[in-house]
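K.L.:
Residue numbers (this note's numbering): 6 to 263.
Beta carbons: idealized from backbone N, C-alpha and C, even for Gly.
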Amino acid sequence: MIFDTHAHYDDKAFQDDRDSLLASMEENGIGCIVNVCASVGEFGRTVKLTEQYPFIYGAVGVHPDDADKMTEETLDEIRRLSHMKKMIAIGEIGLDYYWHKEETEHQLQQKMFRAQMDIGREEKLPFMIHSRDAAEDTLNIVREYMNGGMYGGIIHCFSYGKEIAREYLKMGLYLGIGGVLTFKNARKLKEVAEIAPLEQIVLETDCPYMSPEPYRGKRNSSLNLIYVAKTLAEIKGITPEEVIAVTEANAKRLLNLK
Ligand SMILES: [Zn+2]
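#1: Taking 7 Å as the cut-off, is the C-beta of E97 nearer than that to any heavy atom in ligand 1?
#2: Determine, using beta-carbon pairs with one atom in the region 215 to 233 and one in the region 192 to 206, whether at least three such pairs fall under 8 Å.
#3: Using alpha carbons as the reference points, say which of M30, M122, Y102 lies closest to A141.
#4: Using C-beta distances below 7 Å, list every residue in its chain close to F48, excluding the 5 sequence neighbours before and after it, in chain order.
#5: Looking only at C-alpha atoms, which of I231, R221, A18 sits nearest to N33?
#6: Pick helix, strand or coil for L228, following the three-state DSSP scheme.
#7: Measuring CB atoms only, is the region 19 to 38 touching the region 53 to 61, in the sense that at least three cross pairs come out at less than 8 Å?
#8: Am I right that E218 and T252 are in contact with their C-beta atoms under 8 Å? What's the rounded C-beta distance?
#9: Checking 8 Å against the spacing of the C-beta atoms, do M133 and A72 come in under that value?
#10: Drop a sphere of 10 angstroms on the beta-carbon of H135, count the other beta-carbons inside from all chains shown, and report buried for 16 or more, exposed for fewer.
#11: Answer yes or no: the CB of A43 versus the heavy atoms of ligand 1, is any distance below 7 Å?
#12: What whole-angstrom Cβ distance do F19 and G36 have, given they're in contact under 8 Å?
#13: To the nearest angstrom, how far is the alpha carbon of V197 from that of G157?
#14: Could you tell me which uninterrupted alpha helix (DSSP H) segments, each at least 4 residues in length, are contained entirely in the region 27 to 92, listed from first to last along the chain?
#15: Looking at I240: is its Cβ nearer than 8 Å to the Cβ of K195?
#16: To which residues of the same chain is A234 closer than 6 Å at the C-beta, ignoring the five residues directly before and after it?
#17: If we count the other Cβ atoms within 10 Å of its Cβ and call it buried at 16 or more, is T109 buried or exposed?
#18: Hey, out of I182, E168, R137, H88, whose CA is closest to I159's CA?
#19: Just mark A12 as buried or exposed, buried being the case when its beta carbon has 16 or more other beta carbons within 10 Å.
#20: Given a cut-off of 8 Å, decide if P69 and G46 are closer than it, judged by their beta-carbon atoms.
See the structure below:
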């Protein structure tokens, strides 16, 4: 079944039909979903979803956009929640220089990224990384942690070229691939999907964002992942069923799920 490694079902975009939508997942071939925290003060919403639905797991962490809102208490809270049985990763964490151009912001993002990677390493949890326009700094920090005993993780919504992809693949990491793959102008990501072994790719929606074709621009959900699986299957010259089976096994292996 399809494993969605990165979703935000706590988002207000789902406020009107969250329960009916999530209730329809299983009959539509969606086996597992990781709901990923992003903002300070909103971890409880992911905890609630993991308690409500047996097939939803959580990742706890703070997105670089919120780096300036983080305190020692936030880090304590992340560590505390990371002990919960269904919190299976630290994320989404990382660097975003697209929306934040100041050097002081970059420094602060790096500090908070490292602080959360420290928690992941100590708690032996994989990471889920957001990285935009920050290829070199992200790669350097990830490499440092992977050399320092970090368990592993996913580069979510992978947006760089194949040279950077190769560096992550060499470290044994996984690339998170979603709706962008289906876009006509996604040449760079299609090249990455060609060279990356299927055993190191996981599927993700990043919903409510990043809807694949033919729903580009609309609200996304895990139900649309089949379009990503089909596109990836075409690129790899295999069936969508194979893509679904292998990427599911990848996610379960990385996230330590049976
Ligand atoms: Zn996300």
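P.N.:
The structure says:
#1: yes
#2: no
#3: Rather than Ala, the amino acid found at residue 141 in this sequence is Glu. Of the listed residues, the one whose Cα sits closest to E141 is Y102.
#4: C42, V65, E82, L86
#5: I231
#6: helix
#7: yes
#8: Actually they do not touch by this definition, with Cβ atoms about 19 Å apart.
#9: no
#10: buried
#11: yes
#12: In fact, because the Cβ distance is near 19 Å, the residues do not count as touching under 8 Å.
#13: 20 Å
#14: 48 to 57, 77 to 87
#15: yes
#16: P245, V248, I249
#17: exposed
#18: I182
#19: buried
#20: no
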